[in-house]
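Participant:
This is how it looks when you write it as structure tokens:
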């Protein structure tokens, strides 16, 4: 369960929110919509710990994570542009957070195999990121975010740049994966049709502030 309570975020001298609150139930998928510049990505980055709060608090499973560093929050984030490390292989990208956490090599390799199977990319571990298609790169980004079993996954317009047919197919696959794992999700999109087909609930960010 994710609880964002009366948060305020100031970034580059601009106030995005003053008292914004959002509740997402355990295993619920919520799509966040709103016009460009309304702060959707800023909210995700605040939840992930990439923007400091000016006020308020954020809880995951009733644990206050407001002051915790990003890697200790139990939150995964898939960026719009994937942000894969081009100097690492697919397997090394997926295992990155596990290596930082000093997980053993054998366990990292096992988890990478599991994640690649989960996203339909068996045998891709040794490939470079430059060998991936757009859809494959998105799948690797999702696998990298899920490998550490986050309690909450944040998706920032994850299908940007893909053609309509691939978007539809990938959206269905990602939805199936996340529902099977009972992952709590906040999904940002400008596409209301995408939001309706993917999420349990659609929330306009402009309705969250008071």
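In the numbering used here, the protein residues as written are 4 to 213.
Don't be surprised by glycine CBs; every beta carbon is placed ideally from N, CA and C.
(1) Quick check on residue 90: does DSSP put it in helix, strand or coil?
(2) Does DSSP classify residue 103 as helix, strand or coil?
(3) Using beta-carbon positions only, say whether residue 93 and residue 154 come within less than 9 Å of one another.
(4) Out of 57, 22, 88 and 192, point me to the one whose CA is closest to residue 170's CA.
(5) Is DSSP giving residue 177 helix, strand or coil here?
(6) In the DSSP assignment, what are the bridge partners of residue 212?
(7) Please state the DSSP three-state secondary structure of residue 50.
(8) Give, in chain order, every unbroken run of the alpha helix (DSSP H) that is at least 4 residues long and sits entirely within the segment 148-198.
(9) Can you round the beta-carbon distance between residue 140 and residue 87 to whole angstroms, since I take them to be within the 8 Å contact cut?
(10) What separation, rounded to the nearest whole angstrom, lies between the Cα atoms of residue 156 and residue 90?
(11) Take the Cβ of residue 159 as the centre, count every other Cβ of all protein chains shown within 10 Å, and call the residue buried at 16 or more, exposed below.
(12) Leaving aside the five residues before and after residue 66 along the sequence, list all residues of the same chain whose C-beta is less than 6 Å from its C-beta, in chain order.
(13) Could you check the C-alpha separation between residue 33 and residue 47 for me, to the nearest Å?
(14) Residue 13 by DSSP, collapsed to three states: which one?
(15) Please state the DSSP three-state secondary structure of residue 82.
(16) Under the rule that 16 or more other beta-carbon atoms within 10 Å means buried, what is residue 95, buried or exposed?
(17) Got a sec? Which residues, its chain only, sit under 6 Å from residue 186 by beta carbon, not counting five neighbours each side?
(18) Ignore the nearest five residues each way along the sequence and tell me which others in residue 44's own chain have a CB closer than 6 Å to its CB.
(19) Comparing alpha-carbon positions, which option in 82, 83 and 56 lies nearest residue 72?
Facilitator: Short version:
(1) Collapsing the DSSP output to three states places residue 90 in coil.
(2) helix
(3) no
(4) 192
(5) helix
(6) 23
(7) helix
(8) 167-183
(9) So it is a contact: roughly 6 Å between Cβ atoms.
(10) 25 Å
(11) buried
(12) For residue 66, same chain residues with a beta-carbon under 6 Å away, outside a window of 5 residues either side, do not exist.
(13) 12 Å
(14) strand
(15) Coil, per DSSP.
(16) buried
(17) 156
(18) 159
(19) 56
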